[in-house]
Amino acid sequence: MKKLNLIIFAIIISLTACQPKTDNKDDNAEAAIDSTNVNDEYHFQFDDVELWTLQDKVNTMSMDLFADADPAVVKDLVPTGEADAAINAFLVKQNGQYILFDAGVGADNGGAMIEKLHEIDVNESDIKAVCLTHFHFDHIGGLLTNGQPTFPNAEIYCSAKELSAFKDDENVQSIVEAYQNHTHAFADNAVILDGIVTIPAPGHTPGHSMYQIGKILIIGDVIHAAALQIPHPEFCARYDQDKDQAIKTRQNVYQYIQEQQLTVAGMHLPHNGVMRKFPEK
Numbered sequence: 000m001k002k003l004n005l006i007i008f009a010i011i012i013s014l015t016a017c018q019p020k021t022d023n024k025d026d027n028a029e030a031a032i033d034s035t036n037v038n039d040e041y042h043f044q045f046d047d048v049e050l051w052t053l054q055d056k057v058n059t060m061s062m063d064l065f066a067d068a069d070p071a072v073v074k075d076l077v078p079t080g081e082a083d084a085a086i087n088a089f090l091v092k093q094n095g096q097y098i099l100f101d102a103g104v105g106a107d108n109g110g111a112m113i114e115k116l117h118e119i120d121v122n123e124s125d126i127k128a129v130c131l132t133h134f135h136f137d138h139i140g141g142l143l144t145n146g147q148p149t150f151p152n153a154e155i156y157c158s159a160k161e162l163s164a165f166k167d168d169e170n171v172q173s174i175v176e177a178y179q180n181h182t183h184a185f186a187d188n189a190v191i192l193d194g195i196v197t198i199p200a201p202g203h204t205p206g207h208s209m210y211q212i213g214k215i216l217i218i219g220d221v222i223h224a225a226a227l228q229i230p231h232p233e234f235c236a237r238y239d240q241d242k243d244q245a246i247k248t249r250q251n252v253y254q255y256i257q258e259q260q261l262t263v264a265g266m267h268l269p270h271n272g273v274m275r276k277f278p279e280k
């Protein structure tokens, strides 16, 4: 099934990007808040996989970040000028092992991820692996604490394209040095850690990657401001390095989510960061 999903996704990515969606604020609002909870609103059960949202920070996305968006649409969808958002990391327990997806900004910079980890009785030494969506600081800052590895027993996984693109970044260099021989760079569409599928999602950064675990899709920064970008994937935040590619990726990812009926976990989705419903085109 995982191989089939990859083939389907490859076909979708090769197609011409979909046309922008028309507004449907009711569908969007419902999708943005819908989730099914187990025990509490940040813990989810999917067959033999558990997922926790570790909300590092609560924040908003200013509409000033979307300079190319239609002002009338922005005003209609986000009348306050600020869209609800967050900085999230996600913890997965699979086959008795804990795997972290992204690491937030870190306790040294006011992040709460480690505190949230401790609240569910998981310690830093329990983390087997950290899978990175990309190398922006709000996703990798938590890998180091006082200059030392936060997760002493973890293997680090990242895209080879992303590692190459950020090879001169001082933060990335510090992380690679701190984790030394425990950093693994994967090729596009690799399968890692007992069946986790890596899916390239370029545009935000050259090697920006998603991860699929069964019916869960961790989308990284495909979405920055859900209230605006779910109905309008053609609007980019200034953080997207290649905007044309980011738009194509976002449109194709939305189609993939809908066709495969996936649960979405996003690093900047608001509330608990998880959506079990995604609006139809």
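Here numbering that gives the first Met the number 0 is used: the first residue of the sequence shown is 0, the next is one more, and so on.
Where is the CB? At the ideal position from N, CA and C, for every residue including glycine.
C-alpha gap between D125 and N271, whole angstroms: Here residue 125 refers to the residue found at position 126 when the sequence shown is read from its first residue. Here residue 271 refers to the residue found at position 272 when the sequence shown is read from its first residue. One C-alpha to the other measures close to 23 angstroms.
Expected contact under 8 angstroms - CB spacing of V129 and L143 to nearest Å: Translated into positions along the sequence shown, residue 129 becomes position 130. Translated into positions along the sequence shown, residue 143 becomes position 144. Not confirmed; about 12 angstroms, so no contact.
For V263, the nearest candidate out of Q254, P269, V273 (CA to CA): Locating residue 263 in the sequence shown gives position 264, where the first residue counts as 1. Per the Cα distances, V273.
Inter-residue spacing [alpha-carbon to alpha-carbon] between Y253 and A68: Residue mapping note: residue 253 aligns to position 254 of the sequence shown, counting from 1. Residue mapping note: residue 68 aligns to position 69 of the sequence shown, counting from 1. Y253 and A68: Cα-Cα distance of roughly 19 angstroms.
Meets three-Cβ-pair contact criterion under 8 angstroms: the stretch 64-80 and the stretch 93-109: no
Where D243 falls, given that 16 or more other Cβ within 10 Å makes a residue buried: Within the sequence shown, the letter at position 244 stands for residue 243. Per the 10 Å Cβ criterion, exposed.
Option in N94, M62, A66 with minimal Cα separation from D47: In the sequence shown, counting from the first residue as 1, residue 47 sits at position 48. The candidate whose alpha carbon is nearest that of D47 is N94.
Beta-carbon spacing of N87, Q54 below 8 angstroms: Translated into the one-based positions of the sequence shown, residue 87 becomes position 88. Translated into the one-based positions of the sequence shown, residue 54 becomes position 55. Yes.
Whole runs of the beta strand (DSSP E) within the stretch 170-206, excluding any shorter than 3 residues: 182-185, 195-199
Inter-stretch contact (C-beta, 8 angstroms, three-pair minimum) for the stretch 233-241 and the stretch 150-161: no
Straight-line Cα distance separating K115 from Q147: The residue labelled residue 147 in the question sits at position 148 within the sequence shown. The residue labelled residue 115 in the question sits at position 116 within the sequence shown. Using only the alpha carbons, I get a separation of about 20 angstroms.
Buried or exposed by the 16-neighbour rule on C-beta atoms within 10 Å, applied to G265: Sequence index remark: in the sequence shown, residue 265 carries index 266 (1-based). G265 is buried by the Cβ-count criterion.
Opposing strand residues paired with V252 [DSSP bridges]: Mapped onto the sequence shown, residue 252 falls at position 253. For V252, which the question treats as bridged, DSSP gives no partner whatsoever.
Touch test, the stretch 51-66 against the stretch 198-208, Cβ-Cβ under 8 angstroms, three pairs minimum: no
Opposing strand residues paired with Q93 [DSSP bridges]: As a first step, residue 93 must be located in the sequence shown, where it is residue number 94. Note: Q93 sits in a beta bridge opposite V48, Q96.
Spatially closest choice to F185 from A164, Y156, G202, by CA coordinates: Taking the first residue of the sequence shown as 1, we reach residue 185 at position 186. Measuring from the Cα of F185, the nearest candidate turns out to be Y156.
Identity of the residues DSSP links to Q54 by a beta bridge: As a first step, residue 54 is located in the sequence shown; it is residue number 55 there, counting from the start. For Q54, which the question treats as bridged, DSSP gives the partners N87.
Exposure label - M57; buried when at least 16 CB within 10 Å: Here the question's residue 57 lines up with position 58 in the sequence shown. Met is not the amino acid found at residue 57; the sequence shown has Val there. Answer is exposed; the Cβ neighbour count stays below 16.
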